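Take a look at the structure set out below.
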Amino acid sequence: MLHTLWGTVERVLASTPRRQELLVRAGEEWRRAIAFPDLVGKAEPGDRVWLNTTAVDLGLGTGGYDLVIAIPGRRPPPGTGEAMKLRYTPLQVRVEAAEERLGPLPGGLGGLPVVAAELHSQLPAVLAGWRWAGGQGGAVYVMTDGGALPAAFSRLLEDLRERRWLARVVTAGQAFGGDDEAVHLASALLVARARGAALVVAGMGPGILGTGETLGHSGLDQAWILGLAAALGGQPVLVPRLSQADRRPRHRGLSHHTAGVLGVLAAPAWLALPRPLPREAARRLGQLAAGAAVTPVEVFTAPAAAWWRAQGASVTSMGRGPGQDPAFFHAGLAAGILAAWLARQREGGGPARPAHHPGEEAACGDTPGDGNRLERQDL
166 MLHTLWGTVE RVLASTPRRQ ELLVRAGEEW RRAIAFPDLV GKAEPGDRVW
216 LNTTAVDLGL GTGGYDLVIA IPGRRPPPGT GEAMKLRYTP LQVRVEAAEE
266 RLGPLPGGLG GLPVVAAELH SQLPAVLAGW RWAGGQGGAV YVMTDGGALP
316 AAFSRLLEDL RERRWLARVV TAGQAFGGDD EAVHLASALL VARARGAALV
366 VAGMGPGILG TGETLGHSGL DQAWILGLAA ALGGQPVLVP RLSQADRRPR
416 HRGLSHHTAG VLGVLAAPAW LALPRPLPRE AARRLGQLAA GAAVTPVEVF
466 TAPAAAWWRA QGASVTSMGR GPGQDPAFFH AGLAAGILAA WLARQREGGG
516 PARPAHHPGE EAACGDTPGD GNRLERQDL
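Now the structure itself:
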């Protein structure tokens, strides 16, 4: 059930073409709200606005912002295309499907590295690892509909664009507001290749829906990303969710979310592991990886982490930065470094392949470094 309020815009706190942060007076209350001009038009001081206050009223993770449902008398820009997202909701939005705009898409991924992240906050670490390891070419983010649906909700994407770490965003499924709009995750991966991606990172927008059940969370998107990437001829790389600081036992060490992904993963994938692993994570992974279709690769991440700090890393996850929870962010760095190595193998005409069956050892020469460890000299 929706919780709603009417209010008046007192001030526009920040504004981009696709996102506005507003200070709104609702009766005797002052509230912060976000408006998406693509949905409701551009807000101005003095406008009457209808707010969805549900998440804030429940104390859920929207950063304390209400969301503008409508501005009476205001119309969004006309837009193009005939595809609908947020289908059959009052806010269904018209978009132009990239599948139609770009014409015939590539028939596969051709060995393109596809890194599957569970949480949106893993994205900067993956890109930092890629850049530190000398990854060449543009990175494209494929944003699924497992978290926030508007790409404009993410400040991270804005920051990564400004740094020129991210070339494009493709929004897949019901997610919207990317440079390209894709109907499905599978076609979104092909759109990324058609746009010239050297690296694809795929995952949800900000926010995750979890229930405490191992399979009851939207981060399970990771399994579908990896499976589709493998089926389309890409190089799927799994970023595990690790933590040394999370107070919740189910997320400490190796998160039960990653355990759930490993349990349903049917296609072969690379598993990027920072070295050294936290002891509890190493123990749990040892139990799970033997029965999963993954090839673990240990990556020494300390030099990349130092480089990232020098670049001004400011990302947090659950309020913790790289200094407070290094394992979480080093997992992303490891995946980015491994992706850069895979991209080099692809350029050399002989892309490596992960093990194809649970417990199968990779053939000699198929994996990096010595004993499935990736060292600086391998890059």
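In our numbering, the protein residues as written are 166 to 544.
All C-beta atoms, glycine included, are put in the ideal place defined by N, C-alpha and C.
Fair warning: this is a prediction, and the values are worked out from it, not measured in the lab.
So is residue i buried or exposed if we call it buried at 16+ other beta carbons inside 10 Å?
i	result
H349	exposed
M166	exposed
A282	buried
Y306	buried
P278	buried
E346	buried
R474	exposed
A332	buried
Q185	buried
Q301	exposed
T254	exposed
E512	exposed
W171	exposed
A393	With the sequence shown as reference, residue 393 is identified as Leu, and Ala is not the correct amino acid for it. When all chains shown are included, L393 counts as buried.
G299	exposed
W195	exposed
P443	buried
R448	exposed
P371	buried
D535	Residue placement at D535 cannot be trusted, given a pLDDT of 42 that sits under 50; the coordinates are not used to answer.
Q476	exposed
G425	buried
T460	buried
E463	buried
G343	buried
Hey, residue i and residue j are a contact pair by Cβ (cut 8 angstroms); roughly how many whole angstroms apart?
i	j	result
G303	H285	Not confirmed; about 19 angstroms, so no contact.
V214	A208	6 angstroms
T169	R190	Not really, about 15 angstroms apart at Cβ, beyond 8 angstroms.
L232	Q339	About 16 angstroms separates the two Cβ atoms, so there is no contact after all.
N217	I234	5 angstroms
R406	S420	4 angstroms
D203	V258	7 angstroms
W297	A469	4 angstroms
T309	G368	6 angstroms
L403	A351	L403 to A351, Cβ: 18 angstroms. No contact.
A357	T336	The pair is not a contact, with the Cβ atoms about 11 angstroms apart (cut-off 8 angstroms).
A200	L187	6 angstroms
Just grab the DSSP bridge partners of residue i for me.
i	result
G368	M308
P278	Q400
M249	R259
A191	E194
D490	Paired residue(s): none; D490 is not in a bridge.
Q185	S180, A200
G172	V214
R538	E463
W435	V402, T460
H382	G375
R440	F465
Using a Cβ-Cβ distance under 9 angstroms, would residue i count as near chain B?
i	result
V404	Any reference to chain B falls outside this structure, which holds one protein chain only.
Can we count residue i as close to the ligand SAM, meaning its CB is less than 8 angstroms from some heavy atom?
i	result
R196	As far as ligands go, the structure on display features none, and thus does not contain the ligand SAM.
Exercise for the section: Assess, as a yes-or-no matter, whether the region 498-505 is touched by the region 291-303 under the definition of 3 or more beta carbon pairs within less than 8 angstroms. Expected result: yes
Handout entry: contact_flag[the region 382-396, the region 261-268] where n(CB pairs < 8 angstroms) is 3 or more
Key = no
Handout entry: Touching by the beta-carbon criterion (3+ pairs, under 8 angstroms), the region 490-497 and the region 394-402
Key = Flag = no, the region 490-497 and the region 394-402 do not touch.
Practice task
Let me know the beta strand (DSSP E) ranges lying completely inside the region 216-242, each 3 residues or longer, listed in chain order.
Solution key: 231-235
Exercise for the section: Please confirm if the region 224-242 is in contact with the region 361-370, defined as three or more CB-CB distances below 8 angstroms between the two stretches. Expected result: The region 224-242, when compared against the region 361-370, does not touch it at the 8 angstroms Cβ threshold.
Problem - beta strand (DSSP E) runs contained entirely in the region 307-359, provided each spans 3 or more residues - result: 333-337, 345-347
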